[in-house]
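First up is the structure itself, then whatever we jot down about it.
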Amino acid sequence: MIRANNLFYRIIKTAGGYVFAVIILIVVSPLILFLSILIFLTGGWPVIYSQKRTGLNGKSFSIYKFRSLRQGTSEGIQLISDRADPRITKTGKVMRKYRLDEIPNFINVLKGEMSVVGPRPEQEYFIEKIIHRNPEYTELLKVKPGVTSWGEVKFGYASDVDQMAERLEYDLYYLKHRSLGFDVKILLETVWIVFKGRGI
1 MIRANNLFYR IIKTAGGYVF AVIILIVVSP LILFLSILIF LTGGWPVIYS
51 QKRTGLNGKS FSIYKFRSLR QGTSEGIQLI SDRADPRITK TGKVMRKYRL
101 DEIPNFINVL KGEMSVVGPR PEQEYFIEKI IHRNPEYTEL LKVKPGVTSW
151 GEVKFGYASD VDQMAERLEY DLYYLKHRSL GFDVKILLET VWIVFKGRGI
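Read in order, the letters of the sequence shown are residues 1 to 200 in the numbering used here.
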């Protein structure tokens with residue numbers, strides 16, 4: 001089994017991530033165009049929004065997503081959206097159900113800010129609160145955040161700090177057992193979740 005401390009794993013993780021991101025963005029380009037037009041026609045600009053998240057070594061970066069909330073409502077800091085959030089548009093509900101809103105995350109992969117697989121990045125505001133509950137969260141900042149994660153596959157979206165702390169246990173498990181095979185398993189389970197429409 002190719003573990004995380006293996007040089008080959010790190011090369012495959014990085015190079016493979018770039019290749020995977022390019023392939024995904026090319027393959028789903030018609031969907032990207034369709035969603036962009038749909039979001040614009042039903043809610044105006046912006047189609048894609050950015051939000052500050054904390055990544056590798058605690059460095060801040062802008063994560064990209066398709067806008068799923070109504071125009072004029074904030075998707076900024078200290079706001080967590082769940083499936084019952086009245087700000088979510090009809091298009092946004094469908095995108096979140098199939099995790100289509102996260103397609104622009106692959107731009108972050110190409111920029112070297114994220115990996116395809118890794119702990120999901122959080123806002124600094126929430127990180128401080130999670131660390132207060134479990135200081136081990138700092139271990140997550142030693143790797144690049146991911147488009148998908150073991151925590152997101154097994155637990156799902158977290159809508160409050162309590163759930164973030166609970167999901168953390170899955171991400172810490174991932175850090176201790178990282179391998180090429182584990183990453184592939186997470187990708188396959190993510191595809192199944194998307195296919196079943198169990199994104200949120």
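Cβ atoms here follow ideal geometry from the backbone N, Cα and C, with glycine treated the same way.
{"query": "Per DSSP, cross-strand counterpart(s) of F61", "result": "R53"}
{"query": "Close Cβ partners of S115 (< 6 Å) along its chain, the five nearest in sequence each way excluded", "result": "G17, K144, G146"}
{"query": "Short Cβ contact (7 Å threshold) for A165 with R133", "result": "yes"}
{"query": "Local conformation of F155 per DSSP, three classes", "result": "coil"}
{"query": "For I131, the nearest candidate out of T148, E152, W192, V161 (CA to CA)", "result": "V161"}
{"query": "Candidates S149, G181, I26: closest to L172 by CA position", "result": "S149"}
{"query": "Range of the contiguous alpha helix (DSSP H) that encloses G17", "result": "7-27"}
{"query": "Local Cβ density within 10 Å of I127, reported as buried at 16 or more and exposed below that", "result": "buried"}
{"query": "Local conformation of S36 per DSSP, three classes", "result": "helix"}
{"query": "Secondary structure of I77, DSSP reduced to three states", "result": "Note on I77: pLDDT 49, under 50, position unreliable in the model; the coordinate value appears next. Coil at I77, not helix or strand."}
{"query": "Three-state secondary structure (DSSP) of G43", "result": "helix"}
{"query": "C-alpha gap between G44 and I37, whole angstroms", "result": "9 Å"}
{"query": "Start and end residues, alpha helix (DSSP H) containing G118", "result": "Where G118 is concerned, there is no enclosing alpha helix (DSSP H), given that its DSSP letter is neither H nor E."}
{"query": "Rounded separation between T138 and V117 - CA only", "result": "18 Å"}
{"query": "Neighbourhood of I167 by C-beta distance below 7 Å, restricted to the same chain and skipping five residues each side", "result": "Sequence check: residue 167 is Arg here, not Ile. Only G151, F155, A158 meet the Cβ criterion."}
{"query": "Contact belief for E124 with T54 at Cβ below 8 Å, rounded distance in angstroms", "result": "5 Å"}
{"query": "Residues that F66 bridges to, as DSSP identifies them", "result": "I48"}
{"query": "Whole-Å CB distance - R99 paired with V184, under 8 Å assumed", "result": "Their Cβ separation, rounded to whole angstroms, is 18 Å, which puts R99 and V184 out of contact at 8 Å."}
{"query": "Contact check, R87 vs L110, beta carbons under 7 Å", "result": "no"}
{"query": "Three-state secondary structure assigned by DSSP to E138", "result": "A quick correction: the sequence has Thr, not Glu, at residue 138. The answer is helix: DSSP assigns T138 an H, G or I state."}
{"query": "Buried or exposed (CB count within 10 angstroms, at least 16 for buried), V27", "result": "exposed"}
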